[in-house]
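Take a look at the structure set out below.
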Amino acid sequence: MPDGSPAAINGPLHVCADRRLCNEDGNRIQLRGISTHGLQWFGACVTRRAFNAIANNWKADVVRLALYVQEGGYETDPEGFERTVNRLIRRATRRGLYVIVDWHILTPGNPHHNLDRARKFFDRIARKNRNRVNVLYEVANEPNGTDVTWDVLKRYHEEVIPVIRAHDPDAIILLGTPGWSSMGLAHGWNEQQIADNPVDADNILYSFHFYAASHGEAYREALDRASQKLPVFVTEFGLQSHTGDGGNDLQQSALYLDLMKQRKISWAYWNFSDDWRSGAVFQPGACRDRAFFGEARLKEAGKWIRSRMREDDAFPVD
Ligand code: IDC
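The sequence shown lines up with residues 2 to 319 when you count with our numbering.
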């Protein structure tokens, strides 16, 4: 890993006693970065040159690999997608980025539906990458459905965590939360159910996702509360509505980013692609044209989030 890169500086991460993400010296850090779009659709946006831009031009600390399970994803070609993920992990590692392996379940919303696949996938990926310090595992993107209660979801997490830990005992594992990783808010629940009955494991963080134009103050307050009770990682968010499209609510977005900075909550923006929706950072065709550097082919959201990512030091020591 290159000297001075995020993973070279910070080494293996762990969750500190105060529920914050810490580097190997025990300093609290905030990782900021970006998620790919579905790997089955946007291969042109995850090339070597794209990763050069993510690391050196966007100055991301972390890249999230969105491995859809359905919708033409993993289930259609397990070996092929496993190779793709391993290749992209190597690509991130060479550039000193942290990398989140995101098991992108969405529909159906019950992760137990994909439990056997998840076991196989994480067993193989964790075995292969067990010596890397920069790999984080996100075991369920957005569980959803009123039948997918925290109890149901917790049982899934308790099945998958040991599969990873068998190879990589200290790996950081990110846990989806009910209601599309809203800590349950989208179903009228909240973070307290999780805080009252947390998963019994070290080095885990709970995912929270928000889309600023859909999710205002109530969600933000829940994120703030949750971060004082549980380790939290915002593994996906948008400046737009929950469709990943529509107008950017930059005012709400700025409030969220300020809160995440204050509480040292790590984040990954959705998404680094040239999809037509407003949330994708590039204009259509930019990936094919390999125009990953600079602002020329960015949408409004891309300009805004790139400048926030480049803005300040991700690793203030305290
Ligand atoms: C959207 C994609 C879109 C795709 C759809 C269904 O932008 O191209 O057709 O998923 O898979 C999420 C999900 C993420 C969504 C995104 C925007 O994790 O997969 O992407 N979103 O809707 N949660 C909230 C928003």
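Where is the CB? At the ideal position from N, CA and C, for every residue including glycine.
Per DSSP, the bridge partner or partners of residue i
| i | result |
| --- | --- |
| W268 | R33 and V235 |
| L66 | V102 |
| V136 | V100 |
| L176 | Y207 |
| L186 | For L186, which the question treats as bridged, DSSP gives no partner whatsoever. |
| T299 | For the record, residue 299 in the displayed sequence is Leu; it is not Thr. Per DSSP, F283. |
| V16 | L22 |
| F273 | T37 |
Residue i, buried or exposed, once every other Cβ within 10 Å from all chains shown has been counted against 16
| i | result |
| --- | --- |
| R289 | exposed |
| E159 | exposed |
| M310 | buried |
| D319 | Because the pLDDT at D319 is just 42, under 50, the model does not fix this residue reliably, and the point stays unresolved. |
| P317 | Only weak support is given to the placement of P317: the predicted model assigns it a pLDDT of 47, under 50, and the question is left unresolved by the model. |
| W277 | exposed |
| N11 | buried |
| G81 | exposed |
| A167 | exposed |
| G295 | exposed |
| T94 | buried |
| R21 | buried |
| A54 | buried |
| R49 | exposed |
| N24 | buried |
| P179 | buried |
| T244 | exposed |
| S308 | exposed |
| D62 | buried |
| D152 | exposed |
| T236 | buried |
| A127 | buried |
| A219 | exposed |
| A297 | exposed |
| Q41 | buried |
| G74 | buried |
Sub-8 Å separation of residue i and residue j beta-carbons
| i | j | result |
| --- | --- | --- |
| A8 | N115 | no |
| E143 | L175 | no |
| S274 | K300 | no |
| A56 | W104 | no |
| I195 | L137 | no |
| H15 | N249 | no |
| F238 | W268 | yes |
| D169 | R221 | no |
| R96 | F43 | no |
| L224 | F209 | yes |
| G247 | Q253 | no |
| R68 | V102 | One point to set straight first is that residue 68 is Leu, not Arg, in the sequence displayed. Yes. Within cutoff. |
| N198 | T37 | no |
| D124 | V164 | yes |
| V149 | N111 | yes |
| A119 | V64 | no |
| Y257 | A227 | no |
beta-carbon residue i near the ligand IDC non-hydrogen atom, thresh 7 Å
| i | result |
| --- | --- |
| L107 | yes |
| Y212 | yes |
| N142 | yes |
| G303 | no |
| T244 | yes |
| R278 | yes |
| M159 | Note that residue 159 is Glu in the sequence shown here, rather than Met. No; taking the cut-off as 7 Å, the Cβ of E159 has no heavy atom of the ligand IDC nearer than that. |
| W181 | yes |
| W268 | no |
| W271 | yes |
| E237 | yes |
| E218 | no |
| E72 | yes |
Residue span of the beta strand (DSSP E) that contains residue i, given as start and end
| i | result |
| --- | --- |
| H210 | I205 to Y212 |
Limits of the unbroken alpha helix (DSSP H) element including residue i
| i | result |
| --- | --- |
| I10 | P7 to N11 |
| R84 | P79 to R95 |
| I165 | W151 to R166 |
| R50 | R49 to N53 |
| F123 | L116 to K129 |
| L224 | E218 to S228 |
| Q193 | E192 to D197 |
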